[in-house]
């Protein structure tokens with residue numbers, strides 16, 4: 004699992020480098036044809052990891068229910084994400100991974116409930132969930148790239 008977490012960190016590092024030159028307004032912009040923005044996508048990556056791993060195992064999301072509910076699947080931006088909140092999100096992209104690895108090593112995910120994602124992947128274990136996160140993070144990197152391109156087309 005260590006290798007997969009390193010890949011997730013690498014993907015998230017690359018994602019932040021894609022958007023680090025954008026203004027807070029650009030990160031919050033809803034471009035025509037899209038139902039979310041770049042800032043929301045960053046928060047969503049954190050929430051998705053919490054949901055796919057913790058919530059599906061019957062555990063509380065360590066980031067808290069309030070944060071999770073803002074960015075979980077099926078949500079969309081409902082407020083302007085200011086610089087302070089954005090810095091919190093950027094930190095959580097990485098700070099949630101080490102505790103997750105420790106929780107995994109402790110065997111906290113033994114009650115993982117099988118489910119099928121909206122992409123048709125059936126996840127039967129926490130190991131499946133970790134593999135899925137690699138796909139999911141990559142998918143959202145592509146989405147953020149499209150959102151960034153839409154900003155330049157204006």
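Numbering (this note's numbering), first residue to last: 4 to 157. For every residue, glycine included, the Cβ atom is placed at its ideal position computed from N, Cα and C. Bear in mind that the values here come from a model prediction, so they are computed numbers and not experimental data.
By how many angstroms is the C-alpha of residue 51 removed from the C-alpha of residue 76? Going from the Cα of residue 76 to the Cα of residue 51 covers about 7 Å.
Which same chain residues end up closer than 7 Å to residue 10 when comparing Cβ atoms and leaving out the 5 residues on each side of it in sequence? Excluding positions up to five away in sequence, the list reads 137.
Enclosing alpha helix (DSSP H) for residue 72 [first to last residue]: First-last of the alpha helix (DSSP H) with residue 72: 68 to 74.
Pick from 153, 139, 148, 154: whose alpha carbon is nearest that of residue 20? Of 153, 139, 148, 154, the residue nearest in Cα terms is 148.
Count the other C-beta atoms from every protein chain shown that fall within 10 angstroms of the C-beta of residue 81, then say buried if there are 16 or more, exposed otherwise. Residue burial is scored here from C-beta neighbours: residue 81 has fewer than 16 other C-beta atoms within 10 angstroms and is therefore classed as exposed.
Name the one or two DSSP bridge partners that residue 118 has. Answer is 126.
Three-state secondary structure (DSSP) at residue 82? In this structure, residue 82 counts as coil in the three-state DSSP scheme.
Evaluate the contact criterion for the stretch 102 to 116 versus the stretch 47 to 66: three or more CB pairs, one atom per stretch, below 8 Å. The stretch 102 to 116 makes contact with the stretch 47 to 66, as at least three CB pairs between them are under 8 Å.
Cβ of residue 42 within 8 Å of any chain B Cβ: Reference to chain B is not applicable here, since this structure consists of a single protein chain.
Measure the C-alpha to C-alpha separation of residue 141 and residue 88 and round it to an integer number of angstroms. Straight-line Cα distance between these residues: approximately 23 Å.
Residue 181: which of 101, 41, 100 sits nearest, CA to CA? Because the chain in this structure spans residues 4 to 157, residue 181 falls outside the shown range and cannot be described.
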